[in-house]
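With my numbering applied, the sequence shown corresponds to residues 440 to 690, in that order.
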Amino acid sequence: MALITIKHRMDLDLELLDATTGIGITDSRVVFYSDGKIFPMVRRQNGNYILIDSPRLNRQIRVEIYGYEPTIVDVNYEELDEMRPLIQVLMIPQITDSNFTSLWSIEGELPGITDISAVVPSAAPFSYHSYDRARKMVNILNPHKVELIGKDYGLIHSDGLSFEAVEAIELKVQTKLMLTELLEEEFEVSNPIGRIIFGRVDKDGKYLLRVKASSTADKNVIICYHVDGKRRYQVLDFSNARELQLERRDE
């Protein structure tokens, strides 16, 4: 009997991540919609859902997961890798009666805003030790051997008012960040390094970002956002609030 080989092609991989932790969502209560109909995708490990042997059509996919805000994903194959068309989808947790005290929310409307992200200084698991410019490598202090999750980190400046966003090549080594680009500024030993948390912005200027509430005395969150092409920072203090808005600034 002749040997028959059947080959399959992966045509889309949606990696569903919790925006507050960066960890893959493994909850089975996930539903995808496209053109108003349920859109079948095959579940894999670590929050990955794939599409197999399907026409590569540009489309919008609505993702619904219990406990998370619904999210619209724009699939544009011209922007994806041909061999592995992967899209990371950041899902923002919903605020419910059961988790209200564990989440802080930054939401509102700001004309001209195009993106929003944050670093929580009190939750920063690492700190800066030294920088090897030739190798584009930051040596970090990680006394508790916390696992590096994701590739987007913020090096917090000494004044605690802003941070430099860096993209790291994912490594298993827990004492180094190998950067894709050179650092723009200098940092001091023990400056905190935190994972960057991303929010969402729509075309009408509505923004939403949620972070895990801190149990420490420091309730500050450093927000970075762009308005009309200008990068801005704000420090929001959640000592007496669970939901805050960005301040409108004219500079």
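Glycine residues also receive a C-beta, built at the ideal position from the N, C-alpha and C atoms.
When you compare only the Cα positions, how much space is there between residue i and residue j?
| i | j | result |
| --- | --- | --- |
| V650 | S544 | 7 Å |
| I534 | L683 | 14 Å |
| R721 | R572 | Past the edges of the chain, shown from 440 to 690, lies residue 721, and the structure says nothing about it. |
| S467 | P582 | 35 Å |
| Y570 | G593 | 15 Å |
| L587 | Q613 | 6 Å |
| Y691 | E454 | Nothing can be reported for residue 691, as the shown portion of the chain is limited to 440 through 690. |
| E620 | K590 | 12 Å |
| I477 | F471 | 6 Å |
| R687 | L549 | 7 Å |
| G551 | G599 | 26 Å |
| K584 | K615 | 11 Å |
| E623 | R670 | 15 Å |
| V577 | V558 | 18 Å |
| I464 | D457 | 6 Å |
| V469 | E517 | 26 Å |
| G547 | L648 | 10 Å |
| G633 | K645 | 25 Å |
| L685 | I662 | 9 Å |
| E603 | K642 | 26 Å |
| G461 | S601 | 21 Å |
| S493 | R448 | 8 Å |
| V528 | S654 | 28 Å |
| F626 | R495 | 45 Å |
| I608 | Q484 | 21 Å |
For residue i, does the count of other Cβ atoms within 10 angstroms reach 16, so buried, or fall short, so exposed?
| i | result |
| --- | --- |
| P509 | exposed |
| Y672 | exposed |
| L490 | buried |
| Y507 | buried |
| T459 | buried |
| I595 | buried |
| N679 | exposed |
| I635 | buried |
| I500 | buried |
| A656 | exposed |
| N630 | buried |
| G486 | buried |
| V674 | exposed |
Can you pull the DSSP bridge partners for residue i?
| i | result |
| --- | --- |
| Y505 | Looking at the DSSP assignment, Y505 forms no beta bridge with any residue, so it has no partner. |
| Y672 | C663 |
| Y646 | G547, V640 |
| A607 | L618 |
| K651 | L542 |
| P631 | S566 |
| V612 | For V612, which the question treats as bridged, DSSP gives no partner whatsoever. |
| Q684 | Q684 pairs with nothing; no bridge assigned. |
| L490 | L451 |
| R498 | V514 |
Could you tell me how far apart the beta carbons of residue i and residue j are, in whole angstroms, since I believe they sit closer than 8 Å?
| i | j | result |
| --- | --- | --- |
| L580 | F565 | 6 Å |
| T553 | V640 | 6 Å |
| L525 | D452 | 5 Å |
| I504 | M530 | 6 Å |
| Y567 | V502 | That belief does not hold up - the Cβ atoms of Y567 and V502 are roughly 36 Å apart, past 8 Å. |
| S556 | G638 | 7 Å |
| L618 | K575 | 5 Å |
### Query
Counting only runs that start and end within the segment 525 to 552, where is the beta strand (DSSP E) found for 3 or more residues in a row?
Positions of the beta strand (DSSP E) runs, each at least 3 residues long and wholly inside the segment 525 to 552, are given as 525 to 530, 542 to 548 in order along the chain.
Could you pull out every unbroken alpha helix (DSSP H) segment of at least 4 residues lying fully inside the segment 543 to 605, listed in chain order? Entirely contained in the segment 543 to 605, not one alpha helix (DSSP H) run reaches 4 residues.
Taking the runs of the beta strand (DSSP E) that are 3 residues or longer, which of them lie wholly in the segment 446 to 487?
Contiguous beta strand (DSSP E) elements confined to the segment 446 to 487 occur at 449 to 457, 469 to 473, taking only those with 3 or more residues.
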